[in-house]
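Chains A and B supply the protein sequences, listed in that same order. Taken in order, the first sequence gives residues 1 to 209; the numbers are from my numbering. Taken in order, the second sequence gives residues 1001 to 1209; the numbers are from my numbering. Built from N, CA and C at the ideal position, the CB exists for glycine as well. Here the structure comes first, spelled out in structure tokens, and everything after it is commentary.
There are 2 protein chains.
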Amino acid sequence: MTPHPPTVFIVDDDLSVLKGLTRLLRSAKLNPVTFASPQEFLDRHDPTQPGCLVLDVAMPGLDGLQLQQALITRGCEIPIIFLTGHGDIPMSVRAMKRGAIDFLTKPVRDEDLLKAIRAALVADQSRRQAQAELAGIRHRLATLTTREREVLEHVLAGQLNKQIAEDLGIVEKTIKVHRGRMMEKMGVTSVAELVHLCELAGVKAISIR
Amino acid sequence: MTPHPPTVFIVDDDLSVLKGLTRLLRSAKLNPVTFASPQEFLDRHDPTQPGCLVLDVAMPGLDGLQLQQALITRGCEIPIIFLTGHGDIPMSVRAMKRGAIDFLTKPVRDEDLLKAIRAALVADQSRRQAQAELAGIRHRLATLTTREREVLEHVLAGQLNKQIAEDLGIVEKTIKVHRGRMMEKMGVTSVAELVHLCELAGVKAISIR
DNA sequence: CGCAAGGTTGGACTAAAGTCCAATTTTCGG
DNA sequence: CCGAAAATTGGACTTTAGTCCAACCTTGCG
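Laid out in structure tokens, this is it:
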């Protein structure tokens, strides 16, 4: 049923904390995987694996915030819950500004942590869904030839075939051919659908002078 | 030039703080307006006035977080910078989750506060711009008759006039009339533009069975 | 060199959309 | 009940878009 049961990645340099959290999560039917250092997580994490990350802030080597930054840099948007014993407000604010989903302080009530984790898993789920759709659209976009892509951008701008032809310096007939092939490749049958997909993918129309 | 110079609203129950901040902001060519209590701000604030809000957390009566919540409830999205002497992490996290743009602790370095304020004013500016565009679109949408609105939603779904006609149980000719008037009222000349506007305004297509 | 892919164009239509002018029919509030 | 707004339909076209089949360049690569 679930080829990839959502995982709760836990990074903490305190082994007793890892053990305690593992026990707690297991008893809550969650699937914890532990790492003793941020570097280890960074090296071994597979971004395709659904889940969330529970992260201590204060750790030797890379600290939690640096790990967050490293993940952002490499385009990994796994939801992060910070968990710290010696944090301060500026630290929590920085983490939240960079997109952390929560920032909890130790000692944490089990229910609070579990609630945050469940919320993070839900967020990850919908993020992944959107991601997958986006990947599909991008893939289709990548199959377009240069000309087809140009025509697409003019269509998004709402131009008539006639106008596009003039802009590109070719006859209208050719536009129709490119346009037809483009629609076919994008898997849509109407301009409305096409625009919808392109808005999702962030494809912008050419600006009409 | 600027009929509404952006204002920095400051709410704090400590008059000496208000005075100090006012002096600081004035010297930075900003335009501060002070309030001694959250209630006073809530009663007197005009949401059309551009600016941002600097807010102490701990105050008698409504506290800062409650004021934030009250503003959210009444749909006012002015950027809020919290400024507090006795805050804690959960408080800052709650504030950030609800959309605060920053959460600073006293004593605050002047530059830090000014930097946060400038960022908030910029955010307010672009928020207002988007807001204004949205209001225009909503206004045009409101001028549509029931039928025109129905036709719009079918057009967004990419349906042909023929199909729309069948769905609505009327002849295609009539669809053309409604469609033409709808496009006219929305101020667009192509389906691409129409879809673009509607995505901005959150107008969804009818779901095709 | 020769082939494949991309780009271009023609011809000949079919279908879909939009337009102008007119004319009923409903609907709804005052 | 009456009038205005909304909804509906016809007729007669003009424009646009899309389709099928075919053909002709150009370019890059094995």
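Compare the C-beta of E1193/B against all C-beta atoms of chain A and say whether one is closer than 8 Å. Yes, contact with chain A.
Would you grab the beta carbon distance between G87/A and I1089/B for me? Rounded to a whole angstrom, and I think it's under 8 Å. Confirmed, Cβ separation roughly 6 Å.
Is there a Cβ from chain A that is less than 8 Å from the Cβ of H1196/B? So yes, H1196/B belongs to the interface.
By the 9 Å beta-carbon criterion, what residues does the region 1149-1176 of chain B contribute toward chain A? Those would be V1155, L1156, A1157, G1158, Q1159 and L1160, in chain order.
Rounding to the nearest angstrom, what Cα-Cα distance links S1037/B and K1097/B in this structure? S1037/B and K1097/B: Cα-Cα distance of roughly 23 Å.
I'd like to check one pair, D1102/B with V93/A: are the Cβ atoms closer than 8 Å? Cβ distance < 8 Å, so V93/A and D1102/B count as in contact.
Report the CB separation of A1205/B from L1160/B in whole angstroms; it is logged as a contact under 8 Å. With a beta-carbon spacing of about 14 Å, A1205/B and L1160/B fall beyond the 8 Å limit used to define contacts.
Buried versus exposed call for V177/A [16 or more other C-beta atoms within 10 Å across all chains shown]: By the 10 Å Cβ count, V177/A comes out exposed.
Please identify the residue among L65/A, S126/A, P47/A and A201/A whose C-alpha is closest to the C-alpha of L134/A. Answer by Cα proximity: A201/A.
Going by the C-beta, is G187/A closer than 7 Å to any heavy atom of the ligand PLP? With respect to the ligand PLP, the structure shown offers nothing to examine, as it has no ligands at all.
Against chain A, with Cβ distances strictly below 8 Å, would E1133/B count as a contact? Taking CB atoms only, E1133/B has no neighbour in chain A less than 8 Å away.
Would you kindly work out how many angstroms separate the C-alpha atoms of L71/A and E166/A, rounded to a whole number? Near 46 Å, if we compare the C-alpha coordinates of E166/A and L71/A.
Quick check: is the beta carbon of D1102/B nearer than 8 Å to any beta carbon in chain A? Chain A, which has a Cβ nearer than 8 Å to the Cβ of D1102/B, makes this yes.
State buried or exposed for G1099/B, treating a residue as buried only when at least 16 other CB atoms are found within 10 Å of its CB. Burial call: exposed.
To which residues of the same chain is T22/A closer than 8 Å at the C-beta, ignoring the five residues directly before and after it? Listed in chain order, the non-local C-beta contacts of T22/A below 8 Å within the same chain comprise I10, P32 and T34, local neighbours out to five positions each way being set aside.
Determine contact between the region 1114-1129 of chain B and the region 1187-1202 of chain B, defined as no fewer than three beta-carbon pairs at a distance below 8 Å. Too few Cβ pairs lie closer than 8 Å, so no.
Could you tell me if T84/A is buried or exposed, where buried requires 16 or more neighbouring beta carbons within 10 angstroms of its beta carbon? Classification of T84/A: buried, given that the 10 Å Cβ count is 16 or more.
How would you list, in chain order, the residues of chain B whose beta-carbon sits under 7 Å from the beta-carbon of I89/A? Within 7 Å of the CB of I89/A, the CB atoms of chain B belong to G1087, I1089, S1092, F1103 and T1105, in sequence order along the chain.
Hey, how far is the Cα of G1169/B from the Cα of G158/A? Near 29 Å, if we compare the C-alpha coordinates of G158/A and G1169/B.
Measuring alpha carbon to alpha carbon, tell me which of V122/A, T145/A and A192/A ends up nearest H1154/B. When C-alpha distances from H1154/B are compared across V122/A, T145/A and A192/A, the shortest belongs to A192/A.
Can you give the beta carbon distance from I78/A to L53/A, rounded, assuming they're within the 8 Å contact cut? Contact annotation, I78/A with L53/A: C-beta distance approximately 5 Å; criterion of less than 8 Å satisfied.
The beta strand (DSSP E) enclosing T84/A, as first and last residue numbers: Element bounds for T84/A: I80 to T84.
Interface residues of chain A facing T1189/B [CB-CB closer than 7 Å]: For T1189/B, the chain A residues whose Cβ falls inside 7 Å of its Cβ are G158, in order along the chain.
How long is the line joining the alpha carbons of L1062/B and I80/A, rounded to whole angstroms? Taking the straight line joining both Cα atoms gives about 32 Å.
Identified DSSP bridge partners for D56/A: BP columns for D56/A point to L83/A.
Under the three-state reduction of DSSP, which class applies to D43/A: helix, strand or coil? The DSSP-derived three-state label of D43/A is helix.
So is E1184/B in contact with chain A if we call contact Cβ pairs under 8 Å? With respect to chain A, the C-beta atom of E1184/B has no partner C-beta closer than 8 Å.
Would you decide whether R179/A is buried or exposed? Buried here means 16 or more other CB atoms lie within 10 Å of its CB. Taking all protein chains shown into account, R179/A has 16 or more neighbouring C-beta atoms within 10 Å of its C-beta and is therefore buried.
CB of G968/B within 8 Å of CB of L1121/B, strictly: Lying before the first or after the last residue shown, residue 968/B is absent from chain B, which here runs from 1001 to 1209.
Best match in M186/A, G187/A, M59/A and R149/A for proximity to I175/A [C-alpha to C-alpha]: Nearest C-alpha to I175/A: R149/A.
Counting only beta-carbon separations shorter than 8 Å, does E1199/B have a partner in chain A? For E1199/B, the answer is yes, since a Cβ of chain A falls inside 8 Å of its Cβ.
Boundaries of the beta strand (DSSP E) in which T1007/B is found, first to last residue: First-last of the beta strand (DSSP E) with T1007/B: T1007 to V1011.
Examine chain A for any beta-carbon lying closer than 8 Å to the beta-carbon of M1059/B, and answer yes or no. At a cut-off of 8 Å between beta carbons, M1059/B makes no contact with chain A.
Between the alpha carbons of A1132/B and L18/A, how many angstroms are there, rounded? Distance between the alpha carbons of A1132/B and L18/A is about 50 Å.
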